[in-house]
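Written below as C-alpha cells is the structure these notes are about.
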Amino acid sequence: MTDAITVAGVTVDTRHWIGGERVASAGTFTDHSPIDGAVLGEIARGTATEAAAAVAAARAAFPGWAATPRAERARVLHAIADGVEKRLEDLAIVETTDNGALLRSHRRGVMPRVAHNFRFFADWLLTLDHEDFDTRGHTNHVSWDPAGPCVLITPWNAPLMLATWKVAPALAAGNTVVLKPAEWSPLTASLLADIAAEAGLPAGVLNVVQGLGSEIGDALTAHPDVRRISFTGSVPTARRIAASAAARLTPLSLELGGKSPLLVFADADLDLAVDLAVEQYDNAGQVCLAGTRLLVEETVAEEFTRRFVERASALKQGDPRDESTDIGPNIHPRQLDKIDGFVRRALAEGARAVIGGHRGEGQYYAPTLLTDVAQDAEIVQEEVFGPVLTLQTFAAEDEAVRLANDTRFGLAATVVTGDPARADRVTARLVAGTVWVNCFFVRDLQAPFGGSRQSGVGREGGTWSFDFYCDIKNTVTAPKGWRDHG
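Going by my numbering, the sequence shown runs without a break in its numbering and finishes at 822.
Okay, structure coming up:
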C-alpha cells in the first residue's frame, strides 16, 4: 500500500499513528466516497497487534502527560485548536468527500466547532474546582485525577466533531488516548493526528488506529491497561463493548441510537414547527438526535402536512460540495440498503409515502415522510438513520406524551408549543437526555449530553466529562496531628 493518498488536493496519510510515528499494517481496507462511489484509497487495517501497540504507547506516555500542569495541557489543546482553524478548509473538503455531509456545513459550522471543542475543554480545565467543605472540623478536598489510557470509538456520521467531543476532554483531563475512527470515514482522524503532533502534543498521548469493527475493536476494549471506554454508535455494538469491558469493570460512556419524537401542539407557530421538522433531514437523516417521529395534534395535522410537503419538496438533493445542495448522499451502500428495507417493509404493511419512499441515483435516498403507521410498527420503533420521518396524530396532551415515550430509546425530544406552561408540563414527563423547546440541536458543551433507556449510559459535557475521564478523589484532613516544621 502507499503511505498516503490525495483527497481533493489534500494529502492524507493512510497509516496508523502510534507512539508519535506512522505505522503500517499487513492488510488494508478500501475507503470509498459516498458522493460517487469513487475509491479514495487503501487504509491500514489494524488488528490486535496494532491495538496492543497503541495501548502500550498510551500507557507509556500517561505518567508524563498526567503530571503535566493544567496550564500547559490547556496551552497544547489551544494549539491544536489553532491547527484545526489553520487547516479548516482541508478538513472540510476531506470530510465531505469521505462521508458525504454538506461542505458548506463543514466550513461554517462543523469544523469551527471542532476547534471550539478543544478550546472549551482547555478553558474548562483551568476553572475545574470544587470548594472545600467542612465535616466536624475536618476539611474535604475534591480532586480530579487522570484515569489512564482511554479508548475512544467514534461513528461515521460526523467523524471529526464527534471524535473531538471525546478526545478534547480526555486529553484535558490528563489522560492518553487511543482513537479508533469508523472505517467508513477514517480520513480526518489521520489529519487530526498530524495537527496534534504539530501543536506539540507529546508522542503517545494521542494514538489513531484504523480497522474493521470487532477485528480491532475487541482487542482495544478488552485490553487490561485501558481505564476508560467511550463509544458512540449502535446498540448491538454497545452490548458487545459492554460485555468486553465487564470482565475488568472498565468504566463506559455509551451514546447510542435514538428514535426521538418531535411534538407539535395546536398552539404552536406552525411555520416554526415545519422548519424544525424539515431540519430533521439534515445530514441525509444520519443524525442520532433527529426527531424522526413527528407527533402532530390532529386539529392542525392537515395544515402542518401541507406546509411540510411544500417545504420538503423544495429541498435540493445532490452533490454535497455544491453550495446550493440541501441533502447529500447516505454514507454506504449497506446503509442505503438498510434504509430502503425499512421503507419497503413499512409500505408493505400499509404505510403511505406522502413524499419520497424510494431510492435516488447512486447512494442517495429521497427525503421521505410516511403516514398511516401504527405505534408498534417497525418503522416507528426502530432507528432508520436515513432521511425518513413518520407522522402520527394525537388528540390530547396525555396521548402525545404516551406516544413520545413509547419506544426503547430516550436520546432526545423536541416540543413545539406556544404555551410555556404546557412546555413545562410536557418536558417534565418526557424520557430523554435532551429536550428542545421551539428549537433543535442547540448544544452547549457546558450541558450534560447522553441518553436514557437504550440510548446510552452516562453523560459527557462540562464537568460531567471530567467526572467520567477522571478518578474523583476526596481527601479528608483532620485539624490535628501536625508537627511543627518551622
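Positions of the beta carbon are idealized from the N, C-alpha and C atoms, including for glycine. Keep in mind the model is a prediction, meaning the values are calculated, not measured.
- Taking a 10 Å sphere around the C-beta of Ala-509, we find 16 or more other C-beta atoms and assign the residue as buried.
- Apart from sequence neighbours up to five positions away, the residues of its chain that approach Ser-550 with a beta-carbon distance below 7 Å are Arg-576, ordered along the chain.
- For Thr-557, the enclosing alpha helix (DSSP H) starts and ends at 549 to 557.
- Taking each of Gly-553, Gly-692 and Glu-425 in turn and checking the Cα distance to Leu-439, the smallest one comes out for Glu-425.
- Between Ala-689 and Phe-640, the CB-CB gap reaches or exceeds 8 Å.
- By the neighbour-count criterion, in which a residue is buried when 16 or more other Cβ atoms sit within 10 angstroms of its Cβ, Cys-775 is exposed.
- Apart from the 5 residues on each side of it in sequence, Val-614 sits with its Cβ closer than 8 Å to the Cβ of Phe-644, Arg-647, Ala-648 and Leu-651 in its chain, given in chain order.
- Ranked by Cα distance from Leu-461, the first of Gln-782, His-442, Cys-624 and Val-571 is Gln-782.
- For Ser-521, same chain residues with a beta-carbon under 6 Å away, outside a window of 5 residues either side, are Asp-434, Asn-435, Trp-492 and Pro-495 in chain order.
- The beta carbon of Ala-759 sits closer than 7 Å to the beta carbons of Val-751, Thr-753 and Val-773 from its chain, once the five residues preceding and following it are set aside; these are given in chain order.
- Taking the Cα positions, Ala-504 is about 22 Å away from Val-348.
- Ranking Thr-463, Val-420 and Pro-587 by CA distance to the CA of Val-793 puts Pro-587 first.
- By alpha-carbon distance to Ala-393, the top candidate from Gly-419, Gly-355 and Thr-366 is Gly-355.
- Phe-777: not part of any alpha helix (DSSP H); DSSP gives it neither H nor E.
- With contacts defined by Cβ atoms closer than 8 Å, Thr-342 and Arg-657 do not form a contacting pair.
- According to the DSSP secondary-structure assignment, Pro-597 is paired through a beta bridge with Arg-629.
- Contact between Ala-740 and Leu-599 holds, since their C-beta atoms are separated by about 6 Å, short of 8 Å.
- Of Ala-360, Gly-345, Thr-811 and Val-720, the smallest CA-CA separation from Ser-596 is found for Val-720.
- Following the DSSP letters along the chain, one finds Ser-526 inside the alpha helix (DSSP H) bounded by residues 523 to 534.
- Of all C-beta pairs linking the stretch 660 to 677 to the stretch 694 to 705, three or more are shorter than 8 Å, placing the two stretches in contact.
- Listed in chain order, the non-local C-beta contacts of Thr-475 below 6 Å within the same chain comprise Asp-468 and Thr-813, local neighbours out to five positions each way being set aside.
- Taking one beta carbon from each stretch, the stretch 509 to 518 and the stretch 534 to 542 have 3 or more pairs nearer than 8 Å; the two touch.
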